[in-house]
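Trainee: Convert by adding 82 to the 1-based position in the sequence shown; the result is the number in the working numbering. Every residue, glycine too, gets a C-beta built ideally from N, C-alpha and C. One structure, as structure tokens, below. Some questions next.
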Amino acid sequence: MIKGSKGSFTPEHFVGKIKARNAARRKPWRNYLKRLAVETAAVSGREKWRKLGVVWDDGRNYANHYSPFFSFALSKFLRTNVTDMAGGVANLVGKPTIQVLEDGVGRGAFLSEFKPILWKLGLKAQTTGLYVERKNPRLEKARGQIDELQRGLAEYYVPKKKFDLFVSLAGSIQETLPAHQVNKILKFASAMNPRGLMLVGLVRGSFDFRFDFQVAKVKRVLMEEGFRAEVYKVPSEVTPGVTLPNYVLVAQRGRLRGSK
83 MIKGSKGSFT PEHFVGKIKA RNAARRKPWR NYLKRLAVET AAVSGREKWR KLGVVWDDGR
143 NYANHYSPFF SFALSKFLRT NVTDMAGGVA NLVGKPTIQV LEDGVGRGAF LSEFKPILWK
203 LGLKAQTTGL YVERKNPRLE KARGQIDELQ RGLAEYYVPK KKFDLFVSLA GSIQETLPAH
263 QVNKILKFAS AMNPRGLMLV GLVRGSFDFR FDFQVAKVKR VLMEEGFRAE VYKVPSEVTP
323 GVTLPNYVLV AQRGRLRGSK
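Structure representation (structure tokens):
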């Protein structure tokens, strides 16, 4: 026991104070190391992907890429013929105003085209796009139909609102190393509204590289979060002549409309 002008203290008191002080000093360093690890994983994933010679077409658009690719999967998911992606999305989400988030916007063609298409169906859309490039003049031209743009690594993106549709055809998810895939999917899944829909292109057994998506694990985790999740192989003839993922994940939070 040590007596002083401010009371009595035990040696344990001083030990506790020292530990707390040291922990406070280490916290910024730990945060830096954590951030560095995340950045290293993200960058190494993209670098290894590029070394394969796989480069997504940043001019991908609604009519030739997104709609045929995701309509194929929505047909399987709904067990009916879906000829247009927007119609399938409207059927599943069932809301007059849809909050849309795209991971990897490229030139921004999809979001800038998707909004007017939904408008013709009587639906409004609020669109948010994530992109990495520091300068993308074509993307800037698309700002008229894209409500919000977020530049930077998707690993650091923190959704500030809930979304009804998440789309990732050729974004950060496709270039994520297997060890980080589940966490990234879960981050976006946590930002989905009830009946929110996730449409994600996946890579499995392609490009001679072990980026294979952990389908079983991701499906299990999503189902634990209240999603119905299905994965389908997309035949190459669905989008001929373009380099796109060869599988697609369709996941919806909550039950389908009309289901019991």
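Within the same chain, show all residues whose beta-carbon is closer than 6 Å to that of Lys158, passing over the 5 residues directly before and after it, in chain order.
Mentor: Along the sequence shown, one-based indexing puts residue 158 at 76. Here the set comprises Tyr314.
Trainee: Tell me whether Ser318 sits in a helix, a strand or coil according to DSSP, three-state version.
Mentor: To locate residue 318, count along the sequence shown from 1; it is residue 236. Ser318: helix per DSSP, three-state reduction.
Trainee: What residues in its chain sit with their C-beta under 8 Å from that of Thr165, if we drop five residues either side in the sequence?
Mentor: Taking the sequence shown and counting its residues from 1, one reaches residue 165 at position 83. So the qualifying residues of the chain are Ser153.
Trainee: List the whole-angstrom C-beta distance separating Gly190 from Leu212, where the pair is believed to meet the contact cut-off of C-beta under 8 Å.
Mentor: Translated into the one-based positions of the sequence shown, residue 190 becomes position 108. Translated into the one-based positions of the sequence shown, residue 212 becomes position 130. In fact, because the Cβ distance is near 11 Å, the residues do not count as touching under 8 Å.
Trainee: How big is the Cα-Cα spacing for Leu203 and Gly176?
Mentor: On the sequence shown, position 121 is the one that residue 203 refers to. On the sequence shown, position 94 is the one that residue 176 refers to. Whole-angstrom Cα-Cα distance: 12 Å.
Trainee: Report buried or exposed for Arg142, applying the criterion of at least 16 other Cβ atoms within 10 angstroms of its Cβ.
Mentor: As a working note, residue 142 is residue 60 in the sequence shown. The C-beta of Arg142 has 16 or more other C-beta atoms within 10 Å across all chains shown, which makes the residue buried.
Trainee: Among residues of its own chain, excluding the 5 on either side of Val303, which ones have a beta-carbon nearer than 7 Å to its beta-carbon?
Mentor: In the sequence shown, the residue the question calls residue 303 occupies position 221. Answer for Val303: Val264, Leu268, listed in chain order.
Trainee: Taking C-beta to C-beta, are Val171 and Leu279 nearer than 8 Å?
Mentor: Position 89 of the sequence shown, counted from the start, is the residue given in the question as residue 171. Position 197 of the sequence shown, counted from the start, is the residue given in the question as residue 279. With respect to the 8 Å criterion, Val171 and Leu279 are classified as neighbours on the basis of their beta carbons.
Trainee: So if DSSP puts Arg335 in a beta bridge, which residue, or which two residues, is it bridged to?
Mentor: As a working note, residue 335 is residue 253 in the sequence shown. DSSP lists Phe309 as partners of Arg335.
Trainee: On the DSSP bridge assignment, give the partners of Asp185 in chain order.
Mentor: Residue 185 sits at position 103 when you count from the first residue of the sequence shown. Note: Asp185 sits in a beta bridge opposite Leu212.
Trainee: Rounded to whole angstroms, what's the CA-CA distance from Arg233 to Met274? Just pull it up for me.
Mentor: In the sequence shown, counting from the first residue as 1, residue 233 sits at position 151. In the sequence shown, counting from the first residue as 1, residue 274 sits at position 192. Answer to the nearest angstrom: the Cα atoms are 21 Å apart.
Trainee: Rounded to whole angstroms, what's the CA-CA distance from Ala27 to Met167? Just pull it up for me.
Mentor: Lying before the first or after the last residue shown, residue 27 is absent from the chain, which here runs from 83 to 342.
Trainee: Can you tell which of Leu160, Val300, Tyr144, Tyr239 has its C-alpha closest to the C-alpha of Ala261?
Mentor: Translated into the one-based positions of the sequence shown, residue 261 becomes position 179. Checking every option, the nearest Cα to that of Ala261 belongs to Val300.
Trainee: Could you tell me which residues DSSP pairs with Leu247 in its beta bridges?
Mentor: Numbered from its first residue, the sequence shown carries residue 247 at position 165. In the DSSP output, where bridge partners are listed per residue, Leu247 has Val182, Leu279.
Trainee: Rounding to the nearest angstrom, what Cα-Cα distance links Tyr239 and Ile199 in this structure?
Mentor: Here residue 239 is taken as the residue at index 157 of the sequence shown, counted from 1. Here residue 199 is taken as the residue at index 117 of the sequence shown, counted from 1. The alpha-carbon atoms of Tyr239 and Ile199 are separated by roughly 27 Å.
Trainee: Quick check on the DSSP output: the beta strand (DSSP E) that includes Glu230 runs from which residue to which?
Mentor: Working through the sequence shown from its first residue, we reach residue 230 at position 148. Element bounds for Glu230: 230-233.
Trainee: Please state the DSSP three-state secondary structure of Leu200.
Mentor: By one-based count along the sequence shown, residue 200 stands at place 118. Three-state result, Leu200: helix.
Trainee: Can you look up Leu205 in the DSSP assignment and give me helix, strand or coil?
Mentor: The residue labelled residue 205 in the question sits at position 123 within the sequence shown. Correct three-state label for Leu205: coil.
Trainee: Using the beta-carbon count (16 or more within 10 Å), is Gln334 buried or exposed?
Mentor: Working through the sequence shown from its first residue, we reach residue 334 at position 252. Result: buried.
Trainee: Following the continuous alpha helix (DSSP H) through Asn265, name the residue where it begins and the one where it ends.
Mentor: Walking along the sequence shown from the start, residue 265 turns up at place 183. 260-271 is the extent of the alpha helix (DSSP H) around Asn265.
Trainee: Looking only at its own chain, which residues have a Cβ that is under 8 Å from the Cβ of Val324, when we skip the five neighbours before and after it?
Mentor: Counted from its first residue, the sequence shown places residue 324 at position 242. Result list for Val324: Asp139, Arg142, Asn146, His147, in chain order.
Trainee: Any idea what DSSP makes of Tyr148, helix, strand or coil?
Mentor: Taking the sequence shown and counting its residues from 1, one reaches residue 148 at position 66. Three-state DSSP puts Tyr148 in a helix.
Trainee: For Val249, collect the residues of the same chain with a Cβ closer than 6 Å to its Cβ; drop the 5 residues on either side in sequence, then sort them by chain order.
Mentor: Position 167 of the sequence shown, counted from the start, is the residue given in the question as residue 249. If we look at Val249 and ignore the five residues flanking it on each side, its Cβ neighbours are Glu184, Leu281.
Trainee: Would you report the Cα separation of Val332 and Pro178, rounded to the nearest angstrom?
Mentor: Residue mapping note: residue 332 aligns to position 250 of the sequence shown, counting from 1. Residue mapping note: residue 178 aligns to position 96 of the sequence shown, counting from 1. Answer to the nearest angstrom: the Cα atoms are 21 Å apart.
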